[in-house]
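Residue numbers for the sequence shown follow this note's numbering, beginning at 37 and rising by one.
Glycine residues also receive a C-beta, built at the ideal position from the N, C-alpha and C atoms.
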Amino acid sequence: MGEARILLEYPFGKRALALKLLVFTAASLLYAYLAFNTRESLFNVGFLLSFPTLTAATLAYRILALSAMLGELMERGEARRSRRSGLRGLAGYYLAIASPLLLFLIADKVLALGILFGLIVSLSLSDLVYYAYVRYREAGLGGRLLAFVEPSGEGGRYVWGLTLAK
Numbered sequence: 037m038g039e040a041r042i043l044l045e046y047p048f049g050k051r052a053l054a055l056k057l058l059v060f061t062a063a064s065l066l067y068a069y070l071a072f073n074t075r076e077s078l079f080n081v082g083f084l085l086s087f088p089t090l091t092a093a094t095l096a097y098r099i100l101a102l103s104a105m106l107g108e109l110m111e112r113g114e115a116r117r118s119r120r121s122g123l124r125g126l127a128g129y130y131l132a133i134a135s136p137l138l139l140f141l142i143a144d145k146v147l148a149l150g151i152l153f154g155l156i157v158s159l160s161l162s163d164l165v166y167y168a169y170v171r172y173r174e175a176g177l178g179g180r181l182l183a184f185v186e187p188s189g190e191g192g193r194y195v196w197g198l199t200l201a202k
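1. Give me the residue from 111, 169 and 133 with the minimum Cα distance to residue 96.
2. So, for residue 92: in the same chain, excluding its five sequence neighbours on each side, which residues have a beta-carbon less than 7 Å away from its beta-carbon?
3. Can you tell which of 166, 162 and 74 has the C-alpha that lies nearest to the C-alpha of residue 46?
4. Near residue 82, which residues of its chain fall below 6 Å by C-beta distance, leaving aside the five closest residues on each side in sequence?
5. Would you say residue 73 touches the ligand COA, meaning its beta carbon is less than 7 Å from a heavy atom?
6. Please classify residue 70: does DSSP put it in a helix, a strand, or coil?
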């Protein structure tokens, strides 16, 4: 643990918050424009199937994970998770980014576009709600949550975690 530790704002900083708010607003307005100016009902069906489902699932997962990490943080002073780095870890991120675009190859194009808009709007909204939730929890903890990243010493892995700055 004598190696360098990088501290980051958790869940993200104010610039990222502004960018996420901009993406949410732009995607929502573009969706609304397209929804009211198209006769393709599959577009709205795709959005309405993906938006509430993805928003609820993402928020539930993140809030439950944060609650578990906060429990560990209160017990040990910090919460730690080991993550995979390198090519194998990066491949997972690329797959997650490309998978929504693969919908256009296997589903109706209009339906896939509605699902893609639902994905963009739901991830942006869940980020904004999660940011507010983290700030709410920080008020109860009496400090500011910071994320940290440090090498783990194991081949191809790193440690990510949370600490509380009073």
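From the atom records:
1. When each option's Cα is compared against that of residue 96, the closest is 169.
2. Within the same chain, residue 92 has no close Cβ partners at all.
3. The candidate whose alpha carbon is nearest that of residue 46 is 166.
4. Result list for residue 82: 147, 150 and 151, in chain order.
5. Judged by which ligands are present, the structure shown has none, so any question about the ligand COA falls away.
6. Helix.
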